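Chemist: To start, I am sharing the structure in question, which I have written as structure tokens.
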Amino acid sequence: MATLEFILPELRALDDAPGDVLVVAAFADERPLEGVSGLVDWRLCGALSRWRLGGFSTGDLGEQVLYPTGRRLSHPRLLFVGLGRRDDYRPDRAFAVARATRDAVVRLGAERLTTGLFGLDRLPSPLERTALKLVELLGEPPSLSRITIVADLATQGKIKDGIHIFGTSPD
Numbered sequence: 001m002a003t004l005e006f007i008l009p010e011l012r013a014l015d016d017a018p019g020d021v022l023v024v025a026a027f028a029d030e031r032p033l034e035g036v037s038g039l040v041d042w043r044l045c046g047a048l049s050r051w052r053l054g055g056f057s058t059g060d061l062g063e064q065v066l067y068p069t070g071r072r073l074s075h076p077r078l079l080f081v082g083l084g085r086r087d088d089y090r091p092d093r094a095f096a097v098a099r100a101t102r103d104a105v106v107r108l109g110a111e112r113l114t115t116g117l118f119g120l121d122r123l124p125s126p127l128e129r130t131a132l133k134l135v136e137l138l139g140e141p142p143s144l145s146r147i148t149i150v151a152d153l154a155t156q157g158k159i160k161d162g163i164h165i166f167g168t169s170p171d
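Going by the working numbering, the sequence shown opens with residue 1, and the numbers climb by one from there.
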């Protein structure tokens, strides 16, 4: 299984944790962009917002847009993924999006993935269980050597508690 790391949802933390692909996700009805998507949008001078306004990207469930970041981020590639409508979102959809995203990242030849929680942190389901399943799902391919999860300290604690309680080690 890949090494699991955590960083805070801050631009400096993203800068200090380079990887091959940075995944950001957003709901179709999310405006303005929030969390890591909003931070990355700001760093890219509103590129993600312009995509949404111009209809290039919709945030529909399963949408994937690959973007070369140049030198604006410590990750050479950004993969924007759509989560669909917030009201229709459930853990099974989050896992389907995460699986498709993981497979796309592997096809890109990436070894180091940085991502948020695919909207699981915005659902009423217990994060200790759902995030654990997400970590296991993301860590399945042997080609991924490191997975960095972007989350605040409280969320990081819940994920670590889930790993401890349910007996799975990310290392």
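Beta carbons: idealized from backbone N, C-alpha and C, even for Gly.
Since we're looking at a predicted model, the values are computed, not measured.
Relative to the C-alpha of Asp16, which residue among Val105, Leu73, Gly109, Val36 is closest?
Modeler: Leu73
Chemist: If you measure between the beta carbons of Leu132 and Thr101, is that distance less than 8 angstroms?
Modeler: no
Chemist: Ignore the nearest five residues each way along the sequence and tell me which others in Glu128's own chain have a CB closer than 6 angstroms to its CB.
Modeler: Once the five neighbours on either side are set aside, the close Cβ partners of Glu128 are Lys158, Asp161, Gly162.
Chemist: Could you give the first and the last residue of the continuous alpha helix (DSSP H) run that contains Pro18?
Modeler: It is not in any alpha helix (DSSP H) - Pro18 carries neither H nor E in the DSSP assignment.
Chemist: With a threshold of 16 other CB atoms inside 10 Å of the CB of Phe6, please say whether the residue is buried or exposed.
Modeler: buried
Chemist: Just to confirm, is the Cβ distance from Thr114 to Leu22 under 8 angstroms?
Modeler: yes
Chemist: Whose C-beta lies closer than 8 angstroms to the C-beta of Ile199 among residues of the same chain, with five residues either side of it excluded?
Modeler: This structure cannot speak to residue 199, because the chain is shown only from 1 to 171.
Chemist: With a threshold of 6 angstroms on Cβ separation, who are the neighbours of Glu136 within its own chain once the five nearest residues in sequence on each side are excluded?
Modeler: Around Glu136: no qualifying Cβ.
Chemist: Report buried or exposed for Gly19, applying the criterion of at least 16 other Cβ atoms within 10 angstroms of its Cβ.
Modeler: buried
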